[in-house]
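S.K.:
2 protein chains.
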Amino acid sequence: MGIITAINTEPASTHRYLNSDRQNNDIRQFGVAGLMATAHSCTYMRDIASSRNLTAGETLFWEDDPIQYTYLIIDGSMKAYKLLPNGRSQITRFITTGEIISSPLIDNYSYSTEALGDCTILQLPQKRFDKIMAKDPALMKSIFGKLSIELQRTQKQILLLGRMPAIERVSNFLLDIAQRQNPQTAHFESDMLITLPMARADIADYLGLTIETVSRAFSKFRRDGLIDLPRPNLVRLRDQTRLRAQSHSLTG
Amino acid sequence: MGIITAINTEPASTHRYLNSDRQNNDIRQFGVAGLMATAHSCTYMRDIASSRNLTAGETLFWEDDPIQYTYLIIDGSMKAYKLLPNGRSQITRFITTGEIISSPLIDNYSYSTEALGDCTILQLPQKRFDKIMAKDPALMKSIFGKLSIELQRTQKQILLLGRMPAIERVSNFLLDIAQRQNPQTAHFESDMLITLPMARADIADYLGLTIETVSRAFSKFRRDGLIDLPRPNLVRLRDQTRLRAQSHSLTG
DNA sequence: CGCGGCATTGATCCCGGTCAAAGGTCGTGG
DNA sequence: CCACGACCTTTGACCGGGATCAATGCCGCG
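From first to last, the protein sequence lines are chains A and B.
Position 230 of the first sequence, counted from 1, bears residue number 606 in our numbering, the numbering being contiguous throughout.
Position 96 of the second sequence, counted from 1, bears residue number 472 in our numbering, the numbering being contiguous throughout.
In structure tokens:
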């Protein structure tokens with residue numbers, strides 16, 4: 377089964393934020409999301425999970441919709457965004473393979489989500505997931521940790537939006553994507569190639585800029601020899617050090 | 377004892393975000409923060425908590441400091457902020473009486489905090505608090521809920537910083553403060569008086585603007601008859617409806 | 001080959017930042 | 001109680017970064 381495969385075959389990832397002062401005997405790694413759960417929780421989740429495909433541009437849910445599922449992205453990328461009455465939109469988060477969409481203890485989504493390209497996702501009914509969590513402190517702690525991390529990330533985003541000029545926002549964005557696509561080698565790789573799953577308009581909506589300003593920033597980086605742009609959404613980082621220097625590094 | 381008083385005498389507040397499908401027999405309301413905990417947790421917290429006074433401008437902790445305590449503000453207001461190498465600062469949150477400062481499962485603070493005026497706070501050693509939480513799912517759930525709410529708030533702040541012009545930011549700020557200072561009557565009160573515990577510089581750092589722009593927005597609201605400014609940090613909302621109309625209401 | 005959608009580039013405009021000065025407010029000391 | 005001074009706020013004049021408007025380029029697909 378695709379679902380079970382998705383849950384079971386992924387290698388263990390590290391969990392810096394988890395205190396590991398509890399017995400490991402009936403604890404298993406749970407899927408790409410890097411969640412910790414008891415064996416019992418795992419089998420139960422396997423039973424209630426179902427997979428689903430999304431095509432490019434498809435909306436998964438809208439802001440204010442009642443929360444029905446916790447989602448795990450198996451493949452592809454999505455955007456989470458908020459809309460203003462005047463039609464302007466602000467992307468709060470890009471969500472990629474291996475990440476979860478979960479808002480426990482909340483009744484309605486606080487943002488809409490849309491697939492950037494074709495996606496495969498796994499969905500777990502929220503109420504049942506809540507019950508599993510209630511009986512599995514390790515799982516709850518795990519989700520808890522993800523929430524904390526997400527909160528820290530949004531705080532960085534607030535600093536970026538409130539106090540950084542366009543050039544710094546874009547360089548931070550590139551370095552951030554680079555790190556997410558290549559966590560191990562990001563700092564050392566001198567000529568790293570990254571793929572942007574989103575269009576310029578999405579980058580602009582994420583950074584609080586316009587398409588034109590984002591494009592101009594990319595062009596400036598190309599002129600200055602910091603990046604190559606073989607295609608609009610293929611970026612080669614040619615001088616990561618210099619890029620980081622002018623980003624005021626939000627990325628540690 | 378001041379501490380115990382602070383924990384025990386406050387009236388119960390509502391908890392929209394809490395499922396109340398568990399037995400209420402040994403559950404007690406816990407202090408102004410509106411946390412739920414077992415009686416046992418309460419007495420234990422009472423024992424390990426200590427109170428502390430801060431004078432205006434005093435720093436409680438710096439960004440990147442190791443996390444030592446969970447704090448509860450008994451009286452006064454604080455700001456949480458991040459700094460950039462070039463000296464610019466961005467306030468991510470204002471924290472007032474009855475609110476908590478807690479970053480569970482994280483090793484270091486992701487922001488600095490400073491008292492806006494004189495403050496009284498309650499502090500609970502983080503490690504002991506973690507242990508209490510591990511044994512008290514209701515308390516954990518409660519903190520969990522607060523974290524979720526805070527995440528939603530930061531997402532609104534991202535929308536504000538990324539996509540709103542100065543006037544809308546300031547009107548949203550005023551309406552937000554109004555609602556926090558007077559949750560019950562905020563919508564009906566026609567001539568509501570609010571006290572700003574922070575200076576213009578702090579408002580500017582919170583809204584991603586400059587002191588001058590904030591001041592100009594206040595003056596414009598005064599000219600347009602939306603507010604009175606008996607003193608720099610005393611605001612009377614004279615036409616909340618019209619204020620809300622031009623805020624693109626982030627405040628429901 | 002031509003069309004449609006996205007990205008780039010250029011020209012101009014305007015909101016909000018910067019710089020500078022004047023006005024208020026409050027605490028302190030005479 | 002008033003006078004002084006430090007600091008905060010307000011107001012004005014000007015400037016610049018990024019938005020807006022518009023044209024051109026690029027690429028995939030029918």
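For each residue, glycine too, the CB sits at the ideal point set by N, CA and C.
For B/N548 and B/Q622, what's the separation of their Cα atoms in angstroms?
M.R.: Roughly 9 Å separates the two Cα atoms.
S.K.: Quick check on B/F558: does DSSP put it in helix, strand or coil?
M.R.: First, the amino acid is wrong: residue 558 of chain B is Asn here, not Phe. If DSSP states are grouped into helix, strand and coil, B/N558 belongs with coil.
S.K.: Is there contact here, the region 494-501 of chain A with the region 446-455 of chain A, by at least three beta-carbon pairs under 8 Å?
M.R.: The region 494-501 of chain A vs the region 446-455 of chain A: in contact.
S.K.: What would DSSP say about A/I476, mapped onto helix, strand or coil?
M.R.: The answer is strand: DSSP assigns A/I476 an E or B state.
S.K.: Are the C-beta atoms of A/T589 and some chain B residue less than 9 Å apart?
M.R.: No, because no Cβ of chain B sits closer than 9 Å to the Cβ of A/T589.
S.K.: Look up A/N348 in the DSSP assignment and give the residues it is bridged to.
M.R.: In the structure displayed, chain A extends from 377 to 628; residue 348 of chain A sits before or after that span and is not available.
S.K.: With B/L613 as the anchor, note down where its alpha helix (DSSP H) starts and where it stops.
M.R.: Careful: B/L613 lies outside any alpha helix (DSSP H), inside the beta strand (DSSP E) at L610 to L613.
S.K.: Should B/G521 go down as buried or exposed, given a rule of 16 or more other Cβ atoms within 10 Å for buried?
M.R.: Under this definition B/G521 is a buried residue.
S.K.: Go through its chain and collect everything with a Cβ distance to A/L536's Cβ below 7 Å, but skip five positions before and after it.
M.R.: Within the same chain, A/L536 has close Cβ partners R545, N548 and L626.
S.K.: Taking the CB atoms as reference points, tell me whether A/I443 and A/A456 lie closer together than 9 Å.
M.R.: Going by C-beta atoms, A/I443 is not nearer than 9 Å to A/A456.
S.K.: Tell me which residues of the region 480-506 of chain A have at least one Cβ-Cβ distance to chain B shorter than 7 Å, keeping chain order.
M.R.: Those would be P480, L481, I482, S486 and Y487, in chain order.
S.K.: Using the Cβ count rule (16 or more neighbours within 10 Å means buried), how would you classify A/D397?
M.R.: At A/D397 the pLDDT is 36, less than 50, meaning the model places this residue with poor confidence; the figure from the coordinates comes in the next sentence. Exposed: under 16 other Cβ atoms inside 10 Å.
S.K.: B/L372 by DSSP, collapsed to three states: which one?
M.R.: Shown here, chain B extends from 377 to 628; a query on residue 372 of chain B therefore has no answer.
S.K.: Hey, quick one: how far does the beta strand (DSSP E) through A/R607 stretch, first residue to last?
M.R.: Its beta strand (DSSP E) spans residues I603 to R607.
S.K.: Less than 9 Å between the C-beta atoms of B/I603 and B/L551, yes or no?
M.R.: No, these two residues do not count as a Cβ contact at 9 Å.
S.K.: Can you confirm whether the region 458-469 of chain A touches the region 481-489 of chain A when touching is taken to mean that 3 or more C-beta pairs between the two stretches lie within less than 8 Å?
M.R.: Yes, they touch.
S.K.: If I measure Cβ to Cβ from B/R392 and keep anything under 7 Å in the same chain, skipping five residues before and after, which residues do I get?
M.R.: With a pLDDT of 31 at B/R392, under the threshold of 50, the modelled position of this residue cannot be trusted, and the question is left open.
S.K.: Which residues in the same chain as B/L430 place their Cβ atom closer than 6 Å to its Cβ, once the five residues preceding and following it in sequence are excluded?
M.R.: Only A491 and C495 meet the Cβ criterion.
S.K.: If you measure from the beta carbon of B/G521 to each beta carbon in chain A, is any gap under 9 Å?
M.R.: With 9 Å as the cut-off, B/G521 counts as an interface residue toward chain A.
S.K.: At the 9 Å Cβ level, is A/D581 part of the contact set with chain B, yes or no?
M.R.: With 9 Å as the cut-off, A/D581 counts as an interface residue toward chain B.
S.K.: Compute the beta-carbon to beta-carbon distance between B/I525 and B/M509, rounded to the nearest angstrom, for a pair I have assumed lies under 8 Å.
M.R.: Rounded, the Cβ-Cβ distance is 17 Å, inconsistent with contact.
S.K.: Between the C-alpha atoms of B/R599 and A/S427, what's the straight-line distance to the nearest angstrom?
M.R.: Spanning the two alpha carbons is a distance of roughly 58 Å.
S.K.: Tell me the rounded alpha-carbon separation between B/S566 and A/L460.
M.R.: Distance between the alpha carbons of B/S566 and A/L460: 26 Å.
S.K.: Taking the continuous alpha helix (DSSP H) assigned at A/Y582, which residues delimit it?
M.R.: Residues R576 to L583.
S.K.: Tell me the DSSP bridge mates of A/K455?
M.R.: For A/K455, which the question treats as bridged, DSSP gives the partners A/F470 and A/E490.
S.K.: Let me check understanding here. Comparing Cα to Cα, which of B/G601, B/F505, B/R464 and B/R620 lies closest to B/L583?
M.R.: Out of B/G601, B/F505, B/R464 and B/R620, B/R464 has the C-alpha closest to the C-alpha of B/L583.
S.K.: Taking 9 Å as the CB-CB limit, is B/M516 close to chain A?
M.R.: So, interface residue.
S.K.: Three-state secondary structure (DSSP) at A/N462?
M.R.: Here A/N462 sits in coil by DSSP.
S.K.: Note down the Cα distance separating B/Q616 from B/F597, rounded to an integer number of angstroms.
M.R.: One C-alpha to the other measures close to 11 Å.
S.K.: Tell me A/F597's beta-bridge partners as DSSP assigns them.
M.R.: In DSSP, A/F597 forms no bridge with anything.
S.K.: Give every residue of the same chain whose Cβ lies closer than 6 Å to the Cβ of A/I579, excluding the five residues on either side of it in the sequence, and list them in chain order.
M.R.: Answer for A/I579: V590, listed in chain order.
S.K.: Which value, in whole angstroms, describes the spacing of the CA atoms of A/D581 and B/A425?
M.R.: Their Cα atoms are separated by approximately 44 Å.
S.K.: By Cβ distance below 6 Å, which residues in the same chain neighbour A/W438 in space, the five residues on each side in sequence not counted?
M.R.: Closer than 6 Å at Cβ, skipping near neighbours: S488.
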